[in-house]
Structure formats: structure tokens, C-alpha cells
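Protein chains in written order, with the working numbering: chain A, 276 to 620; chain B, 101 to 712. For glycine and all other residues, C-beta sits at the position ideal for the given N, C-alpha and C. To start, the structure itself, in C-alpha cells.
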């Protein structure tokens, strides 16, 4: 390539990584959410996603503030607590050409928003739904959320007695078609999973453990940096090869699962756990439960299905975004009204 | 009892030579789930086709099958279609309610009943006709399990004979009812013939009620308000419907789905609309708001309990300025209340739905035709003012059949409000979402997906400045709320104005709205004809109230505010909006018992307060 070393690096759209930046974060220094924002910026940049095509959606909470910190050139909607899924659904019905990126937290999803979360998963709406999961409510100063593990301890010494809701298990059993768990501290894994998410057509649900440095990063917490480093059990080594990068790399089908995404991209999963098949729904749920019993934190691509119809397919929606349809497409002719009036006479 | 009712109620020994023509109310008492709806619709349509003004009101329980249902058909030569308090002709088919139904009739009324019920011994001042329905239905309907349904068609035949309903019109109505089901049509026609023949052979006419062909319904249609609303949504360019089933609004969504499937599939075979049955009303309104934000003409349809659930989202739409349309087909609250009965009791809770300083535009349709027109208008206003518009229909209007002038095609093109496209941004360079550029308090918006680097903004329900940035600055908050207030004030003259009817020398005014209109029109005639009381009438059609409302109150000594709720909710809204001196002129006629408002109750209340 004839570029000089000083020229800014650009992606396939000719945009630099700066075009994917957002406002300055107001979250705590070291917050896992900031690392996730960085991964989103990098993945969007590398995938060459037009920022204006993206709709960022969130609910309420620390996590839900984070869309302000990436992709300033994309429209954003900070909705009410726990109800981002319905707003995202409406937005995609109005404009199917949008790439919807929902950012939620464990409180926003697993407590107040569990109903909408469940129904979003059922509909296989084409959306990337990221849970920035730290097991506590940050903005209200450190109460447990519904993803906190049994025995996990708050700074105040309070121990969580109730079983956690496993959002990944729910998502898989309800109909989400790309489900994964990652860790904000695992740059490489999260980056690859986000890129795969952008190539997927259907509901992507990523539960990203994202430690809260202020309220839940101490000894006794199961959502701390240290705990994750000690217990993280990656299922695979993940490589993502976008459709526009026509690279042929050999792989051994015995040790690697390759999934061809809707847009022709390839998700290559080199098995760390040898008999794990991420296209097997029942096995995925069983394995999650086994991990829970054994105190492991499974990460990686838990489940993928590239064939299931999305809500937009089921609705038989016209290709033109509904928001852009001209009057002649949405207001029937006078003759139609006359016909109906005649029928009612 | 007032004078007109006396003249309507003949005594049992009234000579047959004085018939009462085209002025009666027929009540059919059945069990729900017994197919009586078809029979009653056929009756209604036959009388309608004879050119006689008619209305039908279904009083049904919150139940699938087995509980009592009453259907009232009122035929009236003067065009009164509101519920009439008194029943002139009872068809008693339900053993459970028959005794009570008979005991509550006024003297002189007629009763057609199922013979085994043995009702004739109950009273001596009524006219009884006994019909052995079971023995009549067996020969026409060999299939035993259909008999329960067909039995109800027999009373149509008996009434046809007793009331002189034209059998040609009945046949037409049957063919309309069972359009493509020839077998069903024939079965029902046979049942009608059996009833008719039985009446010819066995029943001597002793009551004074009969119908006679008129020519008052030329060009008119029969439609329920919910179907009319649905049709308006189709022609209003609705593209997204999200809804959660709730009586009495479900039939609006369902007939909208039907119309959309018929008329809004493009030449590519693809839908130009999206319908989602949401998991609850919170999700339903959330989808409307997401879709409105992204540029669709989005709507939901619900009733009181759903409105309550939508409260938080309604505030978000108000504050973040997102268009959307919400239909409230009002039923009786509080709580589950009387889910299958009509009311106008959601006004206050809807006008200010949500926490903080929030207020909403409401449209108040009074007829199916207005349901159609306001469906279109609601989308226009929502996009013009970038806010939710609530259309406040009710169960009586929405679920009952009404005669109506045919609807006319919308004259105004679809207006999408202040939306900046890519070309606009190229010209302007920059844009601030909540900046009052034009001085009309309505800011410009862009839609997600607009391919221009300056198009994006951050939508939030938290405090924001003109640039849509997060802000807790007191000046930003105040400026924004002041602009929202000015925007609402602007809506005052943009929403549909009131309809005003005056008489000469009236110093008494009446204010009403919505479906109360029909009882009110009749009540004004009663006040004038029976008591010599001339009244002017203003029908409010929207909130915020148009300036003409204050002018109307100013020009009358006393103004009666008529509404179907306990707490005088419209009067409360008037109190908020009018000057103190005018408030003192307002009197309340607020009634709610679950039955549609009737003229006599209004008349009696006003006369009592007038001290006459």
C-alpha cells in the first residue's frame, strides 16, 4: 500500500477510529463499562459500520449511560428503566435498515426489565443486546442485583442468599440466536465476539462481566477483576473473519468449529473444551448449568444459530424502512374507501 | 315519569287502532355465547334498511359464555339513537334473568318469551306472547348442537310478523351477515320463516308497536366506532401498531389488522405495516415510542388499566418529544371496574398522565365518523407537535353499531412535521434538537439512520439542553419546560375546535363531549318541548380546550357540564382552564352506572337544578 506512515489509519469506509468515538466518560476510573465502550468502538471501526446507521439504545443505570461514550455520530435513545427492548423493537419496526445496539445492565435487564428482556429474546429481533453485568446497582450505591451469585458479599458485609438469574441460559432457551458471555478484561475475546455480533442477523445477547470498581470489586465478590481472572473458563479461542476480508486460512475441523454468518463472514471457534458444540441448544444449557455447579465462569460463544427467521422476516416487512414510505404507499386510494363504505351500507 | 314516556306507554287495553309507529326500544335478553349477536344484527340491519333511524347497544358481561346479555335496539323516527331508559318490547330468552327483566318493565310493554319460562302469570299489565322455541327449532335444524344458535334466529321471524318488519329486508340482512356461507344463510332463513309462520298462525297482535318504511337512512352506513377508528388509522398512514388485548379496545386492533392486511400489502407482496402483539401495555407504548422516534406513524390501543401502565412512558414521550397515538376506549374503573361497561372517566388521569409537569393532547370523538377523522388527525397532530396524542373513545361508541354518514377521503396530505433530512443538514451544517428555531416552540428533529454526520442526537428522559446534552442547569431545565408549555398552548388552536349549536334567547348552556352527544341532542329537545327551556350546546372535541369554550361559558348564565363519570372530570379540566368568574357558572351533570347515558336522566337532572 502506498500510504505514508503519518497518514491516519482508516477503515473500508475511509473513516478513522476517531469517527467512532463518543463523549468523555463520566463513569468511575477503571469501570469495566469503559473497556466495553472501547471494544465497541474498535469493533465498529474494524467492521466498517457506517456510524449513522447505528441506533444506540439503553435503559437506566451506569451501563445505560455508556452509549454517550461511543459513536457520537449515531442516534441514541436512553429510555426508561428496564424498557429499552420495547423501544428498540419499535425503532427497528420503523426502520429495518438500522443496526440496533442495546446496552443494558444487570439491574436494568434481570430485575425491572426481565419481562421485556424475555420477550425480546423470543422475537429474535435483529439487535445486539449487551449486558454490562457487575452484579450491583451502581447509581443507587451498591445494592445487589438479580445476577449476583449466592454467597457473594457486598462491601457492607451483606451476603446474597438468592440464586442468580442466568441471562445467557434464558436467552438461549427463549430464542436468541447468538449468545455469549465475556469479560470486560478479556480484550481479545470480547472484540471478536462483538464483531461476530455485528455480522449476525437475529438477536445477539452478550452478557459481559464488567466489574464495578466502586461497589463490587473486593474480596468476596464473584464479579471482581480478581475473581474473573481466577475463574474464567473460555470455551474457545475466537477468531472472526469478516466477509470483506477475503483471507483463506487453513483450519483443522477436528479442533475448530467454523460458523458462516448471514453476511458471509466466518466465525471460527478453536475449541478449548473439546466436545463443546455451540450449535446444540440443549447441550449449551446443560453445560451452563454444569459450570454453575462447578463454580466456573464459562465464557465464549455459548450458542449460535444463523438460520432462524427474525421478527422482521415473520412480519413480511417491505424492504423500504416503514418510516420512509411515501404517502402513496401508506394511504390507500379513494376507491378503496368508497368500496368499504359500500360494504357497510 | 315525564310526559313523553307516558305517551309512549300504552296500557294493556289500548285499542289496536292507535299504533305507535317507528318509536320503540326492543330488548333481547339472552345468554352470552348463544349466537344472539347474529340475530340482533339482522334485526338492526333490517330496520335500518327500511329507512328508519336505529341503534343497537350490547350490554354484555365480562365472560365468554353462559352469563346474561342484553341487546337493545332502538328505532326512532326522529333520529334519537341514544339509550332509552324504558323498554317497550322485551324478548325474554334467558331463564336466569327473565323474571327480573319482566318485573322491571313499565306498564303496557310487550313481552315475547320462550314458552317454558311461563312468564305471563307474573304481571297483568303487560302484553305477553309465548313461543315454543324448542319445538320450532327442531324441524328446521336437524343438527342438535346448532339448535342453541338457530333458536335465537326464530325470534327474528316472530318479531318480523309482530312488528311488520319487511321480510325482504330481513333476507338481505341475512345474506349480508352470512356473506359467503350459503348453508348457514339458508338454515337461518328457515328459522326465521318458522318463527314468522308460527306468529301468523298463533299470535294475535295486541301491542301497539310497529315499524313502517321511511326514507331517513339514504346513503348511510352502519359501523361500530372501533372499526371506524381502525379505518381512519389505515387512511391516516399508520405503519406500526403495537397492542395488548384489553376489552373494549381489542376490536379496534383486530379490525385494523384486518384492514391493513386487505389494503396495505404492496405490489411486492410485502407489508407496509408492522403489527406486534406486545407482552403488556408497557411494551406496547414502548414500541410506539421507539417507532415514533425512528419515524413511523405508530399507535397503540388500550383502555383504562393500560393507560395506567403507560404512565411512565407517556412522560418520556412528552419530555423527549416523541410522536405517537394512543387510543383509550374507556371502560368503567377504578381498577378492573366494570370491564364491559362504558365510561368517560379516564379524562383527568390521561390529560396529565405521568409524574412531573406533564400534559397531553386528547381528542374526543363523538361518533364513528369522528373516530375515522380523528384517527387521521391524531397522527397529524402527533407529528406536528412531536408528542403523544390520546384519542378518548369509549365502549359505547367503540363496540356498538351506529348509523353514520359515509366517511370522506382525507383532504390534507400526510404531514410529517419538522423532520430534517440529509439535504437539509447539508444546507444547514448543524442542528440542535431542542432549539426553538421558528419561535413556535416546536424544534426540528432528525430520524435515526439519516446519513449525515451532524444528524445524530441523544434522546433521553433526563434533563437536557437545546443541544440534547445532559444538563442539570436550572436555566436549561426552566427554558425547556417553558418551551414545552408554549408548545402545548399552541396546540390549543390547532386541535379540533368545539361544535356549537345555538337556539334563540337561550341563556343556559350545556357542555358535553364524546358519546354523550346523542343523549344530549335528545335531552335538549325534551327540555325545549316539555319544559320550554331553550339551551345552547357546545361539544368539546379536544384538550387543551379551544378559546371558544371560555367564550361560550362567558355568554351564558349557567352552563351544565354533562359527562359519564362520578367526579365531574371535564368540569375539573374547565376549572383549571377558565377564570374564576366563569367557573362559578358551571354546574355538573355527572353520572356513571355502567349504562350508556340516556336523555331522560340529563333532562331530569337539569330540570331539578333549574328548580322547575
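With burial defined as no fewer than 16 other Cβ atoms inside 10 Å of the residue's Cβ, what is the status of residue 377(B): buried or exposed? exposed
Who are the near neighbours of residue 603(A) in its chain, counting only those whose CB is closer than 8 Å to its CB and skipping five residues on each side? none
At 4 residues or longer, and completely inside the stretch 323-395 of chain A: list those alpha helix (DSSP H) runs for me, N to C. 337-340, 359-369 and 381-385
Positions along the stretch 428-449 of chain A whose CB lies within less than 7 Å of some CB in chain B: none
Name the DSSP bridge partner or partners of residue 698(B)? 183(B)
Ordered along the chain, which non-local residues of its own chain (more than five positions away) have a Cβ less than 8 Å from that of residue 526(A)? 533, 543 and 545
Residue environment, residue 257(A), which counts as buried when at least 16 other CB atoms sit within 10 Å: Because residue 257(A) is not part of the residues shown, which for chain A are 276 to 620, the question remains open.
Consult DSSP for residue 511(A) and reduce its assignment to one of helix, strand or coil. strand
Mind pulling the chain A residues with CB within less than 7 Å of residue 617(B)? Near residue 617(B) there are no residues of chain A at all, since even the closest Cβ is about 21 Å away, more than 7 Å.
Classify residue 251(B): buried if its beta carbon has 16 or more other beta carbons within 10 angstroms, exposed otherwise. buried
For the alpha helix (DSSP H) that contains residue 415(B), what are its first and last residues? 411-420
At least one CB of chain A closer than 8 Å to the CB of residue 772(B): is that the case? Since the first residue of chain B shown is 101 and the last is 712, residue 772(B) is not available in this structure.
Is the Cβ-Cβ distance between residue 372(A) and residue 366(A) less than 8 Å? no
With a CB to CB cut of under 6 Å and the five nearest residues on each side skipped, what residues in its chain are close to residue 174(B)? 125, 155 and 184
Inter-residue CB distance, residue 484(A) and residue 519(A) (contact presumed, cutoff 8 Å): That pair is no contact at about 31 Å.
Cβ-based neighbour list, residue 104(B), same chain, cut-off 6 Å, excluding 5 preceding and 5 following: The predicted position of residue 104(B) is uncertain, since its pLDDT is 39 and thus under 50; a value taken from the coordinates is nonetheless stated next. Counting only Cβ-Cβ distances below 6 Å, and skipping sequence neighbours, we find nothing.
Nonlocal neighbours in the same chain, by C-beta distance under 6 Å from residue 351(A), ignoring five residues either side: 331 and 342
C-beta atoms of residue 309(B) and residue 263(B) nearer than 8 Å: yes
Step through the CB atoms of chain D and report whether any lies within less than 8 Å of the CB of residue 390(A). Chain labels in this structure do not include chain D; the protein chains are A and B.
Within-8 Å CB hit, residue 518(A) to chain B: no
Kindly indicate if chain A contains any beta-carbon less than 8 Å away from that of residue 523(B). no
For residue 515(B), the nearest candidate out of 396(B), 536(B) and 560(B) (CA to CA): 396(B)
Between which residues of its own chain and residue 590(B) is the CB-CB distance below 7 Å, once the five residues before and five after are set aside? 540 and 541
I'd like the span of the alpha helix (DSSP H) that includes residue 574(B), first residue to last. 574-594
Between residue 361(A) and chain B, is any beta-carbon pair separated by less than 8 Å? yes
Report back the beta-carbon spacing between residue 501(B) and residue 205(B) to the nearest angstrom; my notes put them in contact at under 8 Å. The pair is not a contact, with the Cβ atoms about 24 Å apart (cut-off 8 Å).
Name the two residues that bound the continuous alpha helix (DSSP H) containing residue 609(B). Looking at the DSSP string, residue 609(B) is not in any alpha helix (DSSP H); the run it does join, the beta strand (DSSP E), is 608-613.
Applying a beta-carbon distance threshold of less than 8 Å, which residues of chain B neighbour residue 330(A)? 394, 548 and 549
Determine whether the beta carbon atoms of residue 420(B) and residue 458(B) lie at a separation below 8 Å. no
Can you name the start and end residues of the alpha helix (DSSP H) that residue 677(B) belongs to? 669-677
Secondary structure at residue 506(A), three-state DSSP: helix, strand or coil? helix
Would you mind reading off the limits of the beta strand (DSSP E) that contains residue 168(B)? 168-176
For a contact defined as C-beta to C-beta under 7 Å, what are the partners of residue 606(A) on chain B? 335, 337 and 514
Check whether chain A comes within 8 Å of residue 378(B), counting only Cβ atoms and requiring the distance to be less than that. yes
For the putative contact between residue 314(B) and residue 151(B), defined by C-beta atoms under 8 Å, what is the C-beta separation to the nearest angstrom? 4 Å
Let's see if you can read the secondary structure: which residues bound the alpha helix (DSSP H) around residue 297(B)? 282-302
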